[in-house]
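In my numbering, the protein residues as written are 3 to 521.
Just so it is clear, CB atoms sit at the ideal spot from N, CA and C, and this is done for glycine as well.
Fair warning: this is a prediction, and the values are worked out from it, not measured in the lab.
Below is the structure:
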């Protein structure tokens with residue numbers, strides 16, 4: 003071989019070693035489940051409509067995209083401001099952001115292992131040498147200065163890709179933290195919406211209960227007047243008094259629930275309970291979105307942050323197998339040192355004072371009592387565990403969407419029925435009150451009408467709130483449109499900058515069905 007060809011081969015050797023095959027499996031994301039729908043029975047084109055707050059018919063639009071700020075579809079400025087405050091000050095979200103930054107920095111740190119390590123040193127000393135060191139029985143010793151600057155280079159060659167697999171593992175961990183951040187974002191915004199709806203529901207139930215108390219108090223006043231005139235028995239007055247007291251007893255639990263919901267909202271926006279927001283939410287102020295997106299089942303696994311986080315965990319477990327295999331194989335190192343050793347600063351870096359060395363080394367495990375073998379087996383088992391957890395997460399995601407869709411349809415029917423029940427109960431109570439004053443019916447019949455109306459009024463408020471909560475649950479189950487967010491920080495936009503990793507250059511990234519995922 004000519005010297006020219008030899009020089010070319012020598013120059014290409016580090017590149018070939020760096021780009022060599024990495025041991026262990028190359029990761030391929032699992033394919034989406036081969037299902038065509040979320041429910042066994044086809045969904046109706048739209049939910050049932052009712053004349054009440056939150057009673058509009060909602061139409062399911064297959065394949066429609068989800069906006070990044072889906073809560074804006076409720077057209078409630080107070081809710082928008084509350085979510086903006088939560089995104090600015092919620093400590094859980096801030097912790098998730100910091101975890102992502104830390105994970106990215108760990109990737110950058112691990113990448114350093116793919117490059118030569120260069121260390122500089124400088125030593126200056128003054129030394130006295132005895133004449134006896136030179137075999138002289140007598141004589142004057144020698145004193146001299148010694149100045150030694152050096153640069154050392156060490157390059158562990160990643161022949162089998164162990165370092166690259168470690169970087170890949172940490173990069174997958176950073177990807178996991180990224181989607182944990184997205185999950186925290188989605189959970190936070192959804193919790194704020196649901197808490198606001200709960201507050202509106204409790205406020206509506208309190209208002210309804212106060213109205214019922216007012217009606218029952220008026221009825222008690224009339225009965226007392228009739229008792230004084232001898233028109234009704236004392237037992238009738240006592241029964242109405244007991245009914246009023248029972249209704250009044252339902253008010254404190256509702257007020258407590260409203261106060262606790264306010265405290266929850268304060269916590270979500272990073273405030274103390276004493277600093278709870280003053281915003282008041284009423285169901286009548288919220289607009290129910292009438293066009294509901296329903297992502298295609300094939301897109302759900304890419305839209306859900308928890309599924310993406312499970313994919314990243316599976317990826318990290320796959321890379322860990324490669325790390326374990328590489329630890330069983332030999333390791334190669336090239337090292338060298340160059341510098342100057344002189345008796346004074348003026349003589350440094352002259353040909354006569356130059357010092358250097360270059361060395362190559364290889365080390366390999368010979369006997370470790372089976373430790374490396376069992377670590378590799380543990381890595382394989384961890385991959386299988388991650389694969390099972392991934393499948394569980396996917397199944398849970400589809401269940402969440404199916405549950406939300408069922409709830410939307412069923413609760414729309416329930417609201418329509420509750421509207422009819424409340425109207426019938428109100429008419430029945432009005433008729434019963436007139437008949438009772440005319441003596442056409444007895445008091446127990448009137449009391450039954452009052453109780454029926456009370457239950458129908460409270461049930462109507464709860465049914466109205468359920469429509470809004472169901473809508474928020476659907477947006478959360480579909481992933482919340484995190485891919486359309488406009489406020490994503492640079493650290494959360496994607497994976498950290500990396501050099502080439504195994505399986506990324508010219509590899510086959512075609513997804514695999516879950517049944518085919520193998521280490």
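Sheet register partners of residue 406 (DSSP bridge): Translated into positions along the chain shown, residue 406 becomes position 404. Residue 406 pairs with nothing; no bridge assigned.
Beta-carbon gap between residue 68 and residue 481 smaller than 8 Å: Within the chain shown, residue 68 is the residue found at index 66, counting from 1. Within the chain shown, residue 481 is the residue found at index 479, counting from 1. Cβ atoms of residue 68 and residue 481: closer than 8 Å.
Helix, strand or coil: how does DSSP classify residue 352 here? Stepping through the chain shown from its first residue, residue 352 is reached at position 350. DSSP places residue 352 in coil when its eight states are reduced to three.
Just the Cα atoms here: how many angstroms apart are residue 183 and residue 462? Reading the chain shown from its first residue, position 181 is the one you call residue 183. Reading the chain shown from its first residue, position 460 is the one you call residue 462. Residue 183 and residue 462: Cα-Cα distance of roughly 37 Å.
With residue 53 as the anchor, note down where its beta strand (DSSP E) starts and where it stops. In the chain shown, counting from the first residue as 1, residue 53 sits at position 51. Neither: residue 53 is in no beta strand (DSSP E) and is coded neither H nor E.
For residue 365, tell me which candidate among 159, 52 and 237 has the shortest Cα-Cα distance. On the chain shown, position 363 is the one that residue 365 refers to. Residue 159 is the option with its Cα nearest to residue 365.
Please report the residue range of the beta strand (DSSP E) in which residue 127 lies. Sequence index remark: in the chain shown, residue 127 carries index 125 (1-based). 119 to 131 is the span of the beta strand (DSSP E), which, as asked, contains residue 127.
Which residue wins for smallest C-alpha separation from residue 297, given the options 128, 100, 40 and 318? Looking up residue 297 in the chain shown gives position 295. Of 128, 100, 40 and 318, the residue nearest in Cα terms is 40.
Can you give me the C-alpha to C-alpha distance between residue 162 and residue 322, rounded to a whole angstrom? As a first step, residue 162 must be located in the chain shown, where it is residue number 160. As a first step, residue 322 must be located in the chain shown, where it is residue number 320. Distance between the alpha carbons of residue 162 and residue 322 is about 14 Å.
Please name the residue or residues paired with residue 156 in a DSSP beta bridge. As a working mapping, residue 156 is identified with position 154 in the chain shown. Residue 156 pairs with 119 and 337.
With distances taken between CB atoms, is the gap from residue 414 to residue 469 smaller than 8 Å? As a first step, residue 414 must be located in the chain shown, where it is residue number 412. As a first step, residue 469 must be located in the chain shown, where it is residue number 467. A contact, by the Cβ cut-off of 8 Å.
State the start and end residues of the unbroken alpha helix (DSSP H) segment that holds residue 63. By one-based count along the chain shown, residue 63 stands at place 61. Not the alpha helix (DSSP H): residue 63 falls in the beta strand (DSSP E), residues 61 to 64.
So, does the region 374 to 386 touch the region 422 to 436, judging by three or more C-beta pairs under 8 Å? no
Assess, as a yes-or-no matter, whether the region 414 to 427 is touched by the region 452 to 466 under the definition of 3 or more beta carbon pairs within less than 8 Å. yes
Residue 95 and residue 176 closer than 8 Å at C-beta: Here residue 95 refers to the residue found at position 93 of the chain shown. Here residue 176 refers to the residue found at position 174 of the chain shown. Going by C-beta atoms, residue 95 is not nearer than 8 Å to residue 176.
What are the start and end residues of the alpha helix (DSSP H) that includes residue 190? Translated into positions along the chain shown, residue 190 becomes position 188. It spans 164 to 230 - the alpha helix (DSSP H) in which residue 190 sits, taken as one unbroken run.
With respect to 7 Å, is the separation between the Cβ of residue 131 and the closest non-hydrogen atom of the ligand GTP below this value? Looking at this structure, you won't find the ligand GTP or any other ligand, since it has none at all.
Between the beta-carbon of residue 156 and the beta-carbon of residue 335, is there less than 8 Å? Position 154 of the chain shown, counted from the start, is the residue given in the question as residue 156. Position 333 of the chain shown, counted from the start, is the residue given in the question as residue 335. Closer than 8 Å, so yes.
With distance defined between alpha-carbon atoms, name the residue in 449, 33 and 476 nearest to residue 246. Taking the first residue of the chain shown as 1, we reach residue 246 at position 244. Ranking 449, 33 and 476 by Cα distance to residue 246 puts 449 first.
Mind listing, in chain order, the continuous beta strand (DSSP E) runs of no fewer than 3 residues lying wholly within the region 84 to 115? none
Using a Cβ-Cβ cutoff of less than 8 Å, which residues in the same chain neighbour residue 293 once the five nearest sequence positions on both sides are dropped? If you number the chain shown from 1, residue 293 lands on position 291. Hits under 8 Å: 60, 61, 63 and 66.
Spatial neighbours of residue 144 within its chain, please: CB distance less than 6 Å, with the 5 preceding and 5 following residues excluded, ordered by chain position. The residue labelled residue 144 in the question sits at position 142 within the chain shown. 131, listed in sequence order.
Span separating the alpha-carbon of residue 215 from that of residue 88: The sequence position of residue 215 within the chain shown is 213, counting from 1. The sequence position of residue 88 within the chain shown is 86, counting from 1. Looking at the two C-alpha atoms, the distance is approximately 37 Å.
Let me know if residue 402 comes out buried or exposed under the rule of 16 or more other beta-carbons within 10 Å of its beta-carbon. The sequence position of residue 402 within the chain shown is 400, counting from 1. By the 10 Å Cβ count, residue 402 comes out buried.
Grouping DSSP H, G and I as helix and E and B as strand, with all else coil, what is residue 285? Reading the chain shown from its first residue, position 283 is the one you call residue 285. DSSP places residue 285 in helix when its eight states are reduced to three.
Residue 293 bridges to which residues according to DSSP? Here residue 293 refers to the residue found at position 291 of the chain shown. Paired residues: 61.
Count the other CB atoms within 10 Å of the CB of residue 317; is the residue buried (16 or more) or exposed (fewer)? Here the question's residue 317 lines up with position 315 in the chain shown. Residue 317 should be labelled buried.
Rounded Cβ spacing between residue 338 and residue 360 (contact assumed at less than 8 Å): Numbered from 1 along the chain shown, position 336 holds the residue referred to as residue 338. Numbered from 1 along the chain shown, position 358 holds the residue referred to as residue 360. Indeed they touch by this definition, with Cβ atoms about 4 Å apart.
Taking DSSP as the reference, what is the three-state secondary structure of residue 149? Taking the chain shown and counting its residues from 1, the one referred to as residue 149 is at position 147. Residue 149 falls in the strand class under three-state DSSP.
For the alpha helix (DSSP H) containing residue 323, name the first residue and the last one. Within the chain shown, numbered from 1, the residue matching residue 323 stands at position 321. Residue 323 -> alpha helix (DSSP H) spans 307 to 328.
In the DSSP assignment, find the unbroken alpha helix (DSSP H) run with residue 237 in it and report its ends. Here the question's residue 237 lines up with position 235 in the chain shown. Note, residue 237: alpha helix (DSSP H), 236 to 251.
Can you name the residues that DSSP bridges to residue 144? Locating residue 144 in the chain shown gives position 142, where the first residue counts as 1. Beta-bridge pairing links residue 144 to 131.
Note the first and the last residue of the continuous alpha helix (DSSP H) segment covering residue 473. Against the chain shown, residue 473 aligns to sequence position 471. Run containing residue 473: 445 to 479, per the alpha helix (DSSP H) assignment.
Pairs of beta-carbons, one from the region 253 to 265 and one from the region 205 to 220, closer than 8 Å: are there three or more? yes
Name the DSSP bridge partner or partners of residue 361? To locate residue 361, count along the chain shown from 1; it is residue 359. Note: residue 361 sits in a beta bridge opposite 337.
Backbone CA spacing between residue 348 and residue 117 [nearest angstrom]: Here residue 348 corresponds to residue number 346 of the chain shown, with the count starting at 1. Here residue 117 corresponds to residue number 115 of the chain shown, with the count starting at 1. Using only the alpha carbons, I get a separation of about 34 Å.
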